[in-house]
Structures are given as C-alpha cells and as structure tokens.
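J.: Got a structure for you, questions after.
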Amino acid sequence: MKTQVSKQNIPSVATDLLAVFAVDGAPVKTPKLPTQKEPEAIPQILLLSSDAAVQRAAEAVLASGEFKASANETLLLHSPLGLAAKRLLIVGLGKSAKATIHDLRRAGGTAVRFAKPRGIKNVAFVVPTAVEGWMALPPGPCVQAVVEGALLGDFDSDTYRSDRKDQSVQSVTLLATESDLTIAEQALRDGAIIADAQNFARSLVLEPGNVVTPAVLGERAKAMAEEVGLRCEVYGADKLHELKMGAFWAVAQGSEQPPALIVLTYTPDMSVKDGPVLGLVGKGITFDTGGISIKPADGMEKMKYDMGGGAAMLGAMRAIAGLKPAVRVICVVCAAENMPSGKAYRPGDIVTAKSGKTIEVMNTDAEGRMVLADGLNYARELGATHLIDAATLTGAVGVALGAVNAGAFSNDDATYEHFTRGLAVSGERFWRLPLDDDYREQIKSSIADIMNTGGSRLGGAITAAKFLQEFAEETPWIHLDIAAVTWIDDAKPWLAKGPTGTSVRSIVEWVRTYSAS
Ligand code: BES
Ligand code: ZN
Ligand code: ZN
C-alpha cells in the first residue's frame, strides 16, 4: 500500500473513497434527581472537517438521525454533491468528549476494511480538524494513527487461499492542512514504519508450523535484518551446547527440527557509548504440542502461534531499524519446536540452565519459560541493562484478564513507568500483575533450584513470571504474557481475524522512551 500526505483541497480530490470522521457531540448528561425524567439524549453529529463542501454533502443524511457516530459505525454516500470523490464514507469515533487517538486508529482501519471487499483501491482521509464542540487532537498523532490503522486494516489472513482475490487498498492519502504538512509527513513516515513492522510480525505468526520451523524463522529474521540494516546471527544446536543452554536444549531436543538462537543487534548511527542497552527476548516456539505432557487435540492447531512473542520482537526490531532511536538494542529469539518423541525431555528430568540454576521439569508443556530462561540470561551476558520479554506463555493469563488486556509484569517500577509511557502512545492494553515473593513458594523444588510448574493452577500466569524472574535476576525487566491476545478468532471492524501483532507497538514505544535524542 502506498501512503502519502497531500494538501487539503477536499472538494477537488478525485478519489474512489473520501473518508471523514465524525463524533457524537451531544452534551454529556448531567446528574439528575431521582424524580426527574431522564433527558432524551439527542445525538448531535459533528463531522471533523472544517471544509464547507464536506459539511454540505453530509448535511441531509446527518440531519436524518440515521447515523449515530458510534465507534466504528460507517455511513456511505455515493456521488456526494459538490465533491469530486466517487464516494464519501463517514466513520464514527463515538462520544466527542471520549474519542481518543486510539479510536481514530481503529476508525482508520475500519475505513480500509470497508473499502477492501468492495474493490475500492484508493482512499483519501480527511485528517480531523478542529470544529466547534470537539477538542481537536494534535495533527501529527492524528496522521500517524490513521496511517497505522489503515495499514493494519489492510492485512488479511488469506495468503494460503487459492481463491484469494488480492483486494488490498493500493493507495491511501492523508489530507492535511497546509500548516500541518511538515508534521504530517514525519508522522506518516513513523506510522508506516510501525504498522509495517506489526504486519511483518503478523505475517510470521500466520505461518503454519510446517512452513515456519525454527530454522525458517531464523532465515526470515536474517532476510529482514539484511533488508533494514540490522546485524543478525542465527545459531543452531551446537551453539546451545557451547553456551550450556540446558533449559533451551531440553525443549529443542525432542524435535527433528533443529532449534534456532536468533540474535539481532541495532546500533544507533550516532555513538551512544554509555546509557542503557535494551534486551528484547522472544519466545519462538514454532509449534507447541506440549511434548510428553501432550496437549489435548482440541485446539492444538492454535499452537502454531506460540512463536508470537518472538515474532513481536522481530517486528519491533524492524521498526527500530526504521525509526533509528538513539539507544542500543539487542534481540534474542529462542526458536524451537516442542514435540513428544523418544528424544524428548520428560517430566521429572532435571536440567541445568545457562545461569547454572537447576530446573526440575514438572510439565513439558511449560516449555516457553524454559527457553526464555536461557534467552534472558544470554541477553544479560550480551550486555543488556534492561530486559523485556514477550511470550504466549500461559493459558492462565487469559483466565485472569480475558482477551482485552494482556498481562505485564516487572521487577522494577522505574522501568515499568517507561512502559506505561509507551502504552499511552501505542494504545495497546496491558495490565500489570503482581510478583510477590509468596508466589515463588509454588515453584519451589525440594530436589532442584526451581520447578517449571507448581502443583496448583492458581495464579498460573504469575508463577510463570516468577520463574522467569529467577533468570532476569537483578536486571530491570518487563515480562509480557500475550497468550490470549496474539490471535483473534472473530474479526473486528478494524482488524482481520487471525494474528494481531499485539505488543509490537508497545515494545517499540518502550524502546523510544530510552532514546538519547
Ligand atoms: N503455549 C502455551 C500457552 C498458551 C495457551 C498460548 C493458550 C496460547 C494460547 C504454553 O506453552 C503452555 O502450554 N502453558 C501451560 C502451562 C502449564 C503446563 C503450567 C498452560 O498454560 O496450560
Ligand atoms: Zn506449552
Ligand atoms: Zn507454549
């Protein structure tokens, strides 16, 4: 998809689809006495364009009250009067007082997903401008949000369908006011880099386990790194042995597919000798059968997305290479396949992790924390001063938080504060869960240093995080459990069903908060 910024001369824009955003500007109801009748809420639709021609074209339909401007609601007009555009699409953002940049991102996606099945190939967006009754959002973030939404909305999980019609939107134009053009250009560039990186992660997650094996994940990482100018090394089983990665190897040993230890390095152009080195660590299980503690057949096909954390880290590195923050970043993805076989690790095995700690394996399906244990330790050895990991680690995180918020954990409030700042930009929802030492009791082993699962399922996402914490040791660290948000079975108006790429944007924004410039 081509994306560009253009000066607003809306009536003369000859496009297949002109998209304009709208909010419900009805005043918020004031508290009333119990005896008073509930006042009728009359929606007052505000079209977020200062252009008189757009306002006129939509006047009649908006006056009809048929369109409420609720979030992601759409209304289409053909041959709008006074406009050169073939169609005018109005996309709702919800209540005026509540609409955020994140609603705008989604609405941008909704417009593109509206266009795709109708074979509409080019879309022009009116960048929201101040109108009476709406507190305008700043133009830069608006442009970035719409571009991100549009690119993310254009992604579909249909690459393997032979009846696939490529209905991608070919060009998206952002119509900005003359005074905002420079800001808009930069915002468009950033938004395109970030969304393209998120889609890259999604495309990896979409791949089945027979196609993206650990070695292939390594090849894809290498190809990406070459394309964007990152250093990348991909190591096999020998390196795991050399580094004494006993926990990672325990998982890898059961598969015919060799593991891959993927290491990417981003060094900023300007020398940033001191300052933090950020270590991004991803779980890259290309298929998780559960191993000897085998999973039930029902739903096991989903476990092809068990490399979602690794894919997110590769996506984040892709964006970092494009955005060029002034901070050093390294990335370690531990890729393996978790299989049952005559060579597989067993419940009861005791293995020695790279850090020297011994692990009693209670359940071979708790493999993500095994590979990450060595990945986290290796990132520290490579010089990481701050760590973040992402993993489809536990079913329990979905029990705790559903598929709305993903789980986040940290051993350091200051580091987590950086992450919170990133979330304000990314709009992704993470909920911080506790790491009290009392939870550590559940994974205490009597015959080794630690067990890979406890006897109880209670607090499963937390005990998994406690396990990882042992390997982050004293290094400031954030753990993201994205198991329940990496894949959606039901499409949203702004997002196709399938891989979501959740966490890529938040990881990138976390990294940017450390940029020296
Ligand atoms: N990959 C799974 C977690 C998962 C579940 C990801 C659902 C995506 C959707 C992980 O390796 C796993 O199997 N975890 C076990 C841990 C248990 C054995 C302590 C789980 O969550 O059941
Ligand atoms: Zn598992
Ligand atoms: Zn897993």
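For the sequence shown, the residue numbers in the working numbering are 701 to 1217. C-beta atoms are modelled at their ideal positions from N, C-alpha and C, and glycine is treated no differently. These numbers come from a predicted model, not from an experiment.
Which residue comes first and which comes last in the beta strand (DSSP E) that contains tryptophan 1177?
T.: Start at 1 with the first residue of the sequence shown, and residue 1177 comes out as number 477. Looking at the DSSP string, the run of the beta strand (DSSP E) that includes tryptophan 1177 is 1177-1181.
J.: Can you check DSSP and say which residues form a bridge with threonine 873?
T.: Numbered from 1 along the sequence shown, position 173 holds the residue referred to as residue 873. Answer by DSSP bridge pairing, in chain order: Gln704, Ala824.
J.: Is it buried or exposed, asparagine 899, if we count other Cβ atoms within 10 angstroms and call 16 or more buried?
T.: By one-based count along the sequence shown, residue 899 stands at place 199. Asparagine 899 comes out buried.
J.: How should glutamine 1218 be labelled, buried or exposed, when 16 other C-beta atoms within 10 angstroms of its C-beta is the threshold for buried?
T.: Any question about residue 1218 goes unanswered here, given that the chain covers just 701 to 1217.
J.: Ordered along the chain, which non-local residues of its own chain (more than five positions away) have a Cβ less than 6 Å from that of glycine 1083?
T.: As a working note, residue 1083 is residue 383 in the sequence shown. So the list reads Val977, once near-sequence residues are dropped.
J.: According to DSSP, simplified to helix, strand and coil, what is lysine 983?
T.: Counted from its first residue, the sequence shown places residue 983 at position 283. In this structure, lysine 983 counts as strand in the three-state DSSP scheme.
J.: Apart from the five residues just before and just after leucine 961, which ones in its own chain have a Cβ nearer than 6 Å to its Cβ?
T.: Your numbering for residue 961 matches position 261 in the sequence shown. Here the set comprises Tyr935, Lys939.
J.: Please return the same chain residues whose Cβ sits closer than 7 Å to the Cβ of alanine 1148, not counting the five positions on each side in sequence.
T.: For the purposes of this step, residue 1148 is taken as the residue at position 448 of the sequence shown. Excluding residues within five positions, the ones whose Cβ falls inside 7 Å are Ile1050, Thr1058, Ile1059, Glu1060.
J.: Run through the stretch 854-927 for me and flag every whole alpha helix (DSSP H) of 4 or more residues, listed as ranges in chain order.
T.: You should have 881-906.
J.: Do methionine 1062 and proline 1040 have their C-beta atoms closer together than 8 Å?
T.: Position 362 of the sequence shown, counted from the start, is the residue given in the question as residue 1062. Position 340 of the sequence shown, counted from the start, is the residue given in the question as residue 1040. Contact: no.
J.: Does the beta-carbon of glutamate 1067, which I'm using as the reference point, lie nearer than 7 Å to any heavy atom of ligand 1?
T.: Here residue 1067 refers to the residue found at position 367 of the sequence shown. Indeed, a heavy atom of ligand 1 lies less than 7 Å from the Cβ.
J.: Quick check: the Cα distance between leucine 789 and proline 1193, rounded to an integer number of angstroms?
T.: The sequence position of residue 789 within the sequence shown is 89, counting from 1. The sequence position of residue 1193 within the sequence shown is 493, counting from 1. Their Cα atoms are separated by approximately 14 Å.
J.: Is glutamine 870 buried or exposed, if buried means 16 or more other CB atoms sit within 10 Å of its CB?
T.: Here the question's residue 870 lines up with position 170 in the sequence shown. The residue in question, glutamine 870, is exposed, as its Cβ has fewer than 16 Cβ neighbours within 10 Å.
J.: Which partner residues of glycine 1107 appear in the DSSP bridge assignment?
T.: As a first step, residue 1107 is located in the sequence shown; it is residue number 407 there, counting from the start. Per DSSP, Trp1131, Asp1181.
J.: Sorted by chain position, which residues of the same chain lie with C-beta nearer than 6 Å to phenylalanine 825's C-beta, five sequence neighbours on each side aside?
T.: Sequence index remark: in the sequence shown, residue 825 carries index 125 (1-based). Answer for phenylalanine 825: Ala719, Val846, Leu874, listed in chain order.
J.: To the nearest angstrom, how far is it from the Cα of proline 817 to the Cα of methionine 1000?
T.: Locating residue 817 in the sequence shown gives position 117, where the first residue counts as 1. Locating residue 1000 in the sequence shown gives position 300, where the first residue counts as 1. Those two C-alpha atoms are separated by around 31 Å.
J.: Run through DSSP, which three-state label would glycine 792 get?
T.: Stepping through the sequence shown from its first residue, residue 792 is reached at position 92. It is a strand residue.
J.: Check the C-beta distance from valine 1032 over to tyrosine 966 and give it rounded, since I have them as a contact under 8 Å.
T.: Within the sequence shown, residue 1032 is the residue found at index 332, counting from 1. Within the sequence shown, residue 966 is the residue found at index 266, counting from 1. That belief does not hold up - the Cβ atoms of valine 1032 and tyrosine 966 are roughly 13 Å apart, past 8 Å.
J.: Report the partner residues of glycine 1198 according to the DSSP bridge assignment.
T.: Here residue 1198 corresponds to residue number 498 of the sequence shown, with the count starting at 1. Its beta-bridge partners are Ile1188.
J.: For aspartate 1137, which residues in the same chain have their Cβ closer than 6 Å to its Cβ, ignoring the five residues on either side in sequence?
T.: Working through the sequence shown from its first residue, we reach residue 1137 at position 437. Excluding residues within five positions, none has a Cβ falling inside 6 Å.
J.: Measure how close the beta-carbons of asparagine 1038 and valine 951 come, nearest whole angstrom, since I'm counting them as under 8 Å.
T.: Locating residue 1038 in the sequence shown gives position 338, counting from the first residue. Locating residue 951 in the sequence shown gives position 251, counting from the first residue. Rounded, the Cβ-Cβ distance is 6 Å, consistent with contact.
J.: Examine chain E for any beta-carbon lying closer than 8 Å to the beta-carbon of aspartate 1136, and answer yes or no.
T.: No chain E is present in this structure, which holds just one protein chain.
J.: For lysine 795 and aspartate 1089, what's the separation of their Cα atoms in angstroms?
T.: Translated into the one-based positions of the sequence shown, residue 795 becomes position 95. Translated into the one-based positions of the sequence shown, residue 1089 becomes position 389. Each residue's alpha carbon lies about 36 Å from the other.
J.: Could you give the residue range of the beta strand (DSSP E) that holds alanine 1091?
T.: Against the sequence shown, residue 1091 aligns to sequence position 391. First-last of the beta strand (DSSP E) with alanine 1091: 1086-1091.
J.: Name the two residues that bound the continuous beta strand (DSSP E) containing asparagine 1077.
T.: As a working note, residue 1077 is residue 377 in the sequence shown. First-last for asparagine 1077: 1068-1081, but that is the alpha helix (DSSP H), not the beta strand (DSSP E).
J.: Within its chain, find whatever has a CB closer than 6 Å to the CB of glutamine 957; leave out the 5 residues flanking it on each side and keep chain order.
T.: What you label residue 957 is simply residue 257 of the sequence shown in a count that begins at 1. Contacts found: Thr913, Pro914, Glu1037.
J.: Using CA atoms only, rank isn't needed, just tell me which of Ile1150, Asp1074, Glu1173 is closest to glycine 982.
T.: For this step, residue 982 is matched to residue 282 along the sequence shown. For the residues Ile1150, Asp1074, Glu1173, the minimum Cα distance to glycine 982 belongs to Asp1074.
J.: How would you label glutamate 1141, buried or exposed, when you count the other beta carbons within 10 angstroms and need 16 or more for buried?
T.: In the sequence shown, residue 1141 corresponds to position 441, counting from 1. When all chains shown are included, glutamate 1141 counts as exposed.
J.: Are the stretch 982-992 and the stretch 1000-1019 touching, with three or more C-beta to C-beta distances below 8 Å?
T.: A contact exists between the stretch 982-992 and the stretch 1000-1019.
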